[in-house]
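To start, the structure under review is shown below, and the notes come after it.
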Amino acid sequence: MAAPALSHMLDELIATPSVSSVMPQFDMGNRALIDRLAGWLESAGFSVEILLLEGHIDKANLIATLGTGDDGLILAGHTDTVPWDDKRWQHDPFRWTVDQGRGYGLGSADMKSFLALAIEAARGLKPEDLLHPLIIVATADEESTMDGARLLARLRRPKAKYCVIGEPTDLTPVHMHKGVMMESLTVTGRSGHSSNPQMGRNAIDGMTRVLADLSNWRESLKQQSNPAFLVPYATLNFGHICGGDNPNRICPQCVLNFDLRPLPGMSGPELRQELRERIARVLDDTDLDFEMTSLMSGIEPFSSGDDSVLARELAEISGKAPITVAFGTEAPFFKELGCDTVVFGPGRIDQAHQPDEYIELSALDDTVRMLRRLIHRCCTVG
């Protein structure tokens with residue numbers, strides 16, 4: 001037996017909804033899609049394992065292995081998509097639609113197509129053909145919590161020498177990206193009548209102090225730079241602020257949500273600790289309380305490293321020098337497994353999360369050709 005034709009796999013993957021979202025009303029499972037992939041890969045001769053996410057019967061990762069050993073190549077992709085706004089789509093988001101050299105559908109670029117292309121690239125391979133194993137990994141919830149990748153990191157599986165994360169990079173190797181932190185700060189005071197400020201503790205006044213201090217810290221972050229990035233320093237964005245309820249009442253509580261994008265070499269836990277210490281100092285003489293919480297667990301900055309063999313291989317195969325990007329991926333979690341990891345896949349990031357998302361059809365053949373060359377170098381050459 002063998003996996004179905006590439007066009008059939010693309011049809012089926014796009015037609016299978018697998019939205020993940022931090023908003024419960026939009027969130028759904030990916031198990032139907034995982035089961036479909038598992039069936040195709042078993043037909044192609046892979047040994048398949050499905051790992052349920054803790055607390056979910058409808059969310060899972062898949063690890064499919066052809067060959068044996070812990071020194072092979074992982075081709076990894078996430079199965080989930082973001083929610084969609086059907087009123088803004090001109091094509092059916094759940095139908096693989098070919099139109100004027102493009103394939104449309106939710107997840108076409110980000111990134112269901114890569115999973116089908118990885119299976120296509122492995123077509124015809126048998127375990128006895130491989131000196132080192134080929135492993136195809138499909139994860140859950142990349143677009144929301146990264147819980148699928150976190151589970152793999154926690155289990156320390158799978159083991160491999162190399163890993164390609166097939167996010168849309170226009171088939172250009174990505175060897176570095178910034179981290180992603182989303183934090184919430186709540187300053188709490190005491191309400192009172194606005195006619196006498198001494199009757200309360202105004203949380204907005206305290207937040208004003210915090211904003212001034214964090215603005216100064218933001219400027220100091222620019223002193224540590226990496227010219228490989230378009231924006232060469234860590235960024236801090238004040239994204240949402242809310243406090244008080246009426247002009248004539250002293251504000252008892254103010255909330256700030258912000259986004260921090262650290263450079264490779266920076267540590268999320270260390271940055272959070274520095275934030276807490278700065279805020280504590282600023283509010284020390286105010287009788288105001290504060291609480292910091294993380295809106296997400298965070299994605300650490302990623303770098304393949306200057307000695308990445310995989311980055312050099314993909315640069316040679318693609319004819320493109322490695323680049324950096326600002327968006328986050330699952331790459332840090334796979335690097336944590338000990339893999340030489342690079343982000344490399346078809347499609348463009350400017351199509352991700354967009355109405356009428358598409359991938360150029362020419363990229364499909366290019367991807368299969370390049371992946372087959374990589375599989376040969378990593379798995380069939382001694």
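When we follow this note's numbering, the leftmost residue of the sequence shown carries the number 1, and every step to the right adds one.
Ideal Cβ positions, reconstructed from N, Cα and C, are used throughout, including at glycine.
task = Mind listing, in chain order, the continuous alpha helix (DSSP H) runs of no fewer than 4 residues lying wholly within the region 84–170?
result = Listed in chain order, the complete alpha helix (DSSP H) runs (minimum 4 residues) inside the region 84–170 are 112–121 and 147–155.
Taking the beta carbon of Arg281 as the centre, do at least 16 other beta carbons fall within 10 Å, making it buried, or is it exposed? exposed
* Asked: Just reading off the alpha helix (DSSP H) that Gln273 is part of, what are its end residues?
  -> Gly268 to Val282
Subject >> Local conformation of Leu37 per DSSP, three classes >> reply: In the structure shown, the three-state DSSP call for Leu37 is helix.
**Prompt:** Considering His175, what are the terminal residues of the beta strand (DSSP E) in which it resides?
**Reply:** Val174 to His177
- prompt: Are the beta-carbon atoms of Met28 and Val19 separated by less than 8 Å?
  reply: Yes, Cβ-Cβ distance for Met28 and Val19 is below 8 Å.
For this session: For the alpha helix (DSSP H) containing Ile359, list its first residue and its last residue.
Result: Note, Ile359: premise wrong, no alpha helix (DSSP H); beta strand (DSSP E) at Tyr358 to Glu360.
Which listed residue (Ala2, His78 and Gly45) has its alpha carbon closest to that of Gly328: His78
- Query: Which class does Ser20 belong to by DSSP, given the choice of helix, strand or coil?
  - Reply: coil
| request: Keeping to the same chain, check which residues put their C-beta closer than 6 Å to that of Leu52; ignore five residues upstream and five downstream. | output: Ala60
Handout entry: Three-state secondary structure (DSSP) of Thr79
Key = coil
Please report the straight-line C-alpha distance between Pro264 and Leu337, rounded to a whole angstrom. 18 Å
task: Locate the alpha helix (DSSP H) running through Gly206, then write down its first and last residues.
output: Segment Ala203 to Leu221, the alpha helix (DSSP H) holding Gly206.
- Query: Cβ of Ala109 less than 8 Å from any chain C Cβ?
  - Reply: The question asks about chain C, but that chain is absent: this structure has only one protein chain.
Exercise. Which of helix, strand or coil does DSSP assign to Thr329?
Worked result: coil
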